[in-house]
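As structure tokens, the structure follows; a few thoughts come after it.
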Amino acid sequence: MTKYDARQNRRFHPVSAPDFLPLPQLRDLQLQRLKAIVQRADDRVALFRKRMADRGMTPQDVQTLEDLAKLPFTEKSDLRDTYPFGLFASPMEEIVRLHASSGTTGKPIVVAYTRQDVQVWTNVMLRSLAACGLHEGDIIQNAYGYGLFTGGLGAHYGAEALGATVIPISGGNTQRQLMVMKDFGVTAICCTPSYFLHLIDQGSEAGVSIKDLPLHTGVFGAEPWTESMRRRIEQDSGIRAYDIYGLSEIIGPGVAMECVCQAGPHIFEDYFYPEIIDSKTGAPCADGQEGELVLTTLGKQAMPMIRYRTRDITALTAQPCECGRTLRRIKRISRRADDMFIVRGINVFPSQIEAALLSVEGTLPHYQIVLTRERDLDVMEVQVEVTPEVFGDTVGALERLEEKLGKSIETTVGLRANVCLVQPRTLQRSEGKAKRVLDQRKM
Amino acid sequence: MKVKQLSLFLENKPGALSRPANLLAKAKFNILTLSIADTQRFGILRFIVSEWEKARSLLEREGFVVNVTDMVAIEVADEPGGLAKVLEALEKTPVNVEYMYGFTLRGEGKGLLAFRFSDPDAAIEVLRKKGINPVRSVELFKGAGP
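As you go down the protein sequences, you meet chains X and P in turn. Heads up: the first sequence begins at 9 in the working numbering, then just goes up one per residue. Heads up: the second sequence begins at 33 in the working numbering, then just goes up one per residue.
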């Protein structure tokens, strides 16, 4: 059957209008919003005010968009150091929602939204879905996890605002996902790309060929993927696969989204101002040059983020896109500037695993995280070297230890891990320092 | 009354057993008993040698995690009911058998049972009251090599 193809659809969705602002007006709007957000952060966030004062700066020093480069960076560690609410710029009476994401230690980082922030988020998610040709009448299966993770609710609000029919199925339970997709005539799905590959695979085993279903669009994000994965998805399921980008610290999904040209996600620049810097020196990179993405939220009240270092390595291009949007595009996120990795859409830092192991036993310093993909699903194995202190001669004691370590990891990271005890001195060490993550996933 | 047993942590993969076995063979340790407890992912090699301190430091030098356990060895007639008699003696006492295994001494026609009790001293006391005497290490290694 011939599937719906958004590229053939000439309907222009009115919510996409801000995507096409003429550049002078877009830059004016950005500057206006930048001045306001810097003022707000300086008025209300102690850490930011102190850093400005240390540089002898006041919000009045921001007179052009180029002045942004003089402002201090915000780091993930700032969220950790001020846990849980230290960077909030709104009183709790005005905050209507909290979400949380992986921190680098045992504690998560917390993000907040005022009513207006939720509206901004809804707006950028709405524009994301419209950008890949979805509209009312579409039936959207939202398989991002609902909960503290921003993926589920972010996509949900956007899809509802679009007027589409939302199925809030959340993550997991593959058989039910396939049943719903088929029986409800789902036309679009939101999930991680690897999970969709898993759905294709499980579907063909259960006699459900996604190629023959009405499903025509996939909005895929929350983990890195490649062009070859996109080709595989499109060939095996007959849908068109789009890349969406976002992170909780900035707002959640909807920071950037591909249009029907599939030429890299457009950043919704009226709300998120992008810079690319050399992650070592902090110096700005030229158009098209690879570096670390730094984002400034231009319209966020509860938690303004000024020059937030995402640690995502990409390149920014102002080259016009065939779709006519004036919004700049980023390349696929190729790698990270830190040791974070993503498992089933969830951000994980090795230091979190370490904290989880240490909370059970203070004597397990040697571990390695091995990532594999079994039937397109990520599997995380944590290998831990046995020490005399924990070796208790009975099988039961060792099994209980494995179980306790597994539970502690699940509590800290929010992900199940297979804990595997190994003999001492068997884990790889490079230059005296253990290699913590062995990523054997093929993408 | 108690006999020292060494336990080694082993990964459950081909060749895991041969390394400690070769080490002990090269150093001419005579292994009196040996058993393996295993799961899908790992195993525990348990064995009794006479010079357990030397065997232990050798294995630890080679990077193994070694645990020393007090075992109680009991001689039983090599005939039906030998084990049942011992267990019967421990019934209605708080002493728990964590694990056990049996072996025979070559050429002596005797059966020996090695027990790991939750509380070896309490177990020994109970057994002696019932007239069951655990074997001493010296007797166990009589005639055996180092």
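Backbone N, C-alpha and C fix where the C-beta goes; we use that ideal spot for every residue, glycine too.
Check your understanding: Is there a Cβ from chain X that is less than 7 Å from the Cβ of P/N99?
Key -> As a first step, residue 99 of chain P must be located in the second sequence, where it is residue number 67. So, interface residue.
Review point. Roughly how many angstroms lie between the CA atoms of X/L365 and P/N54, to the nearest whole one?
Key: In the first sequence, counting from the first residue as 1, residue 365 of chain X sits at position 357. In the second sequence, counting from the first residue as 1, residue 54 of chain P sits at position 22. The alpha-carbon atoms of X/L365 and P/N54 are separated by roughly 33 Å.
Point to revise | Beta-carbon proximity list for X/E83, same chain, < 6 Å, skipping 5 on both sides | key: The residue you call residue 83 of chain X lines up with position 75 of the first sequence. Excluding sequence neighbours, X/E83 sits near R317.
**Study point:** Within chain X, the residues that P/I76 reaches when beta carbons sit closer than 7 Å
**Key:** Locating residue 76 of chain P in the second sequence gives position 44, counting from the first residue. Chain X residues near P/I76: D401, V403.
Review point. Does the separation of the CB atoms of X/E231 and X/G94 fall below 7 Å?
Key: Position 223 of the first sequence holds residue 231 of chain X. Position 86 of the first sequence holds residue 94 of chain X. Not in contact: X/E231 and X/G94 (Cβ atoms no closer than 7 Å).
Exercise for review: Return yes when the Cβ of X/E144 is within less than 7 Å of the Cβ of X/G171, no when it is not.
Suggested key: Working through the first sequence from its first residue, we reach residue 171 of chain X at position 163. Working through the first sequence from its first residue, we reach residue 144 of chain X at position 136. A distance below 7 Å separates the beta carbons of X/G171 and X/E144.
Practice item. For P/S50, go through chain X and note every residue whose CB falls closer than 9 Å to its CB, in chain order. Key: Counted from its first residue, the second sequence places residue 50 of chain P at position 18. Residues of chain X passing the Cβ test: none, with the nearest at roughly 13 Å.
Check your understanding: Does DSSP put X/Y281 in a helix, in a strand, or in coil?
Key -> Working through the first sequence from its first residue, we reach residue 281 of chain X at position 273. Of the three classes helix, strand and coil, the one that applies to X/Y281 here is strand, per DSSP.
Review point. Any beta-carbon of chain P closer than 7 Å to the one on X/L429?
Key: As a first step, residue 429 of chain X is located in the first sequence; it is residue number 421 there, counting from the start. X/L429 counts as touching chain P.
Exercise for review: Compile a chain-ordered list of the residues in the segment 78-96 of chain X whose CB is closer than 8 Å to at least one CB of chain P.
Suggested key: If the cut-off is 8 Å between Cβ atoms, the segment 78-96 of chain X has nothing near chain P.
Check your understanding: Name the chain P residues whose beta carbon is nearer than 7 Å to that of X/E407?
Key -> In the first sequence, the residue the question calls residue 407 of chain X occupies position 399. What X/E407 touches in chain P: T71.
Check your understanding: Using a Cβ cut-off of 9 Å, which residues of the segment 105-126 of chain P contact any Cβ in chain X, in chain order?
Key -> Answer set for the segment 105-126 of chain P: empty.
Practice item. Please confirm whether X/L435 and X/Q376 have their CB atoms less than 7 Å apart. Key: For the purposes of this step, residue 435 of chain X is taken as residue 427 along the first sequence, with counting starting at 1. For the purposes of this step, residue 376 of chain X is taken as residue 368 along the first sequence, with counting starting at 1. Yes.
Exercise for review: Check whether the segment 97-114 of chain P touches the segment 394-402 of chain X, counting contact only when three or more Cβ pairs, one atom from each stretch, lie closer than 8 Å.
Suggested key: Judged by Cβ distances under 8 Å, the segment 97-114 of chain P makes contact with the segment 394-402 of chain X, as three or more pairs qualify.
Point to revise | Min CB distance X/R433 to chain P below 7 Å | key: Within the first sequence, numbered from 1, the residue matching residue 433 of chain X stands at position 425. Interface residue, yes.
Review point. Beta-carbon of X/P396 versus every beta-carbon of chain P: anything under 7 Å?
Key: Looking up residue 396 of chain X in the first sequence gives position 388. Judged by the 7 Å Cβ criterion, X/P396 is in contact with chain P.
Review point. Checking contacts by CB at 7 Å: is P/S39 closer than that to chain X?
Key: On the second sequence, position 7 is the one that residue 39 of chain P refers to. Output row for P/S39: interface = yes.
Exercise for review: State yes or no: is the beta carbon of P/G95 nearer than 7 Å to at least one beta carbon in chain B?
Suggested key: Any reference to chain B falls outside this structure, whose protein chains are X and P.
Check your understanding: Relative to the C-alpha of X/R449, which residue among X/P432, X/L379, X/M348 is closest?
Key -> Taking the first sequence and counting its residues from 1, one reaches residue 449 of chain X at position 441. With distances taken between Cα atoms, X/R449 lies closest to X/L379.
Review point. Rounded C-beta distance between X/C198 and X/A151? I'm assuming under 8 Å.
Key: Residue numbering aside, residue 198 of chain X sits at position 190 when the first sequence is read from its first letter. Residue numbering aside, residue 151 of chain X sits at position 143 when the first sequence is read from its first letter. Contact between X/C198 and X/A151 holds: CB atoms are separated by about 6 Å, below the 8 Å threshold.
**Study point:** Environment of P/T101 [buried if 16+ CB atoms lie within 10 Å]
**Key:** As a working note, residue 101 of chain P is residue 69 in the second sequence. Burial is judged here by how many other beta carbons sit within 10 angstroms of a residue's own beta carbon; P/T101 has at least 16 and is buried.
Review point. Near P/S50, which residues of its chain fall below 6 Å by C-beta distance, leaving aside the five closest residues on each side in sequence?
Key: Within the second sequence, residue 50 of chain P is the residue found at index 18, counting from 1. In its own chain, leaving out the 5 sequence neighbours on each side, no residue places its CB closer than 6 Å to the CB of P/S50.
Point to revise | Contact check, X/K412 vs X/D125, beta carbons under 7 Å | key: What you label residue 412 of chain X is simply residue 404 of the first sequence in a count that begins at 1. What you label residue 125 of chain X is simply residue 117 of the first sequence in a count that begins at 1. Between X/K412 and X/D125, the C-beta gap is not smaller than 7 Å, which leaves the two residues out of contact.
Review point. Taking X/V427 as the reference, which of P/L119, P/R73, P/L42, P/K58 has the closest Cα?
Key: The count along the first sequence starts at 1 and reaches residue 427 of chain X at position 419. For the residues P/L119, P/R73, P/L42, P/K58, the minimum Cα distance to X/V427 belongs to P/R73.
Review point. Relative to the alpha-carbon of X/M388, which residue among X/T305, X/R444, X/G404 has its alpha-carbon at the smallest distance?
Key: Reading the first sequence from its first residue, position 380 is the one you call residue 388 of chain X. Minimum Cα-Cα distance from X/M388 among the listed residues X/T305, X/R444, X/G404 corresponds to X/R444.
Review point. So which of X/I103, X/S245, X/H107 has the shortest CA-CA distance to X/G260?
Key: Mapped onto the first sequence, residue 260 of chain X falls at position 252. Nearest option by C-alpha distance: X/H107.
Review point. Is there at least one Cβ from chain X nearer than 7 Å to P/E85's Cβ?
Key: On the second sequence, position 53 is the one that residue 85 of chain P refers to. Taking Cβ atoms only, chain X never reaches closer than 7 Å to P/E85, which makes this a no.
Review point. Going along chain X in order, which residues have a C-beta closer than 8 Å to the C-beta of P/Y131?
Key: Reading the second sequence from its first residue, position 99 is the one you call residue 131 of chain P. Under the 8 Å cutoff, chain X gives T402.
Practice item. Please list, in chain order, all residues of the same chain as X/Q431 whose beta carbon is under 8 Å from its beta carbon, the five residues on each side excluded. Key: Looking up residue 431 of chain X in the first sequence gives position 423. Excluding sequence neighbours, X/Q431 sits near E393, V394.
Review point. Just reading off the beta strand (DSSP E) that X/N131 is part of, what are its end residues?
Key: If you number the first sequence from 1, residue 131 of chain X lands on position 123. For X/N131, no beta strand (DSSP E) encloses it; the enclosing alpha helix (DSSP H) starts and ends at 123-139.
Point to revise | Interface partners of P/L42 on chain X, CB under 9 Å | key: As a first step, residue 42 of chain P must be located in the second sequence, where it is residue number 10. Simply Q431.
Check your understanding: Between X/R105 and X/Y121, which are expected to be in contact by the criterion C-beta below 8 Å, what is the C-beta distance as a whole number of angstroms?
Key -> Indexing the first sequence from 1 puts residue 105 of chain X at position 97. Indexing the first sequence from 1 puts residue 121 of chain X at position 113. Contact between X/R105 and X/Y121 holds, since their C-beta atoms are separated by about 4 Å, short of 8 Å.
Check your understanding: Between X/D384 and X/D251, is the Cβ-Cβ spacing less than 7 Å?
Key -> Residue mapping note: residue 384 of chain X aligns to position 376 of the first sequence, counting from 1. Residue mapping note: residue 251 of chain X aligns to position 243 of the first sequence, counting from 1. Their beta carbons are not under 7 Å apart, which means X/D384 does not touch X/D251 by this criterion.
Check your understanding: Pick from X/Y165, X/L156, X/T304: whose alpha carbon is nearest that of X/L134?
Key -> Translated into positions along the first sequence, residue 134 of chain X becomes position 126. Its Cα nearest to that of X/L134, the residue X/Y165 stands out among X/Y165, X/L156, X/T304.
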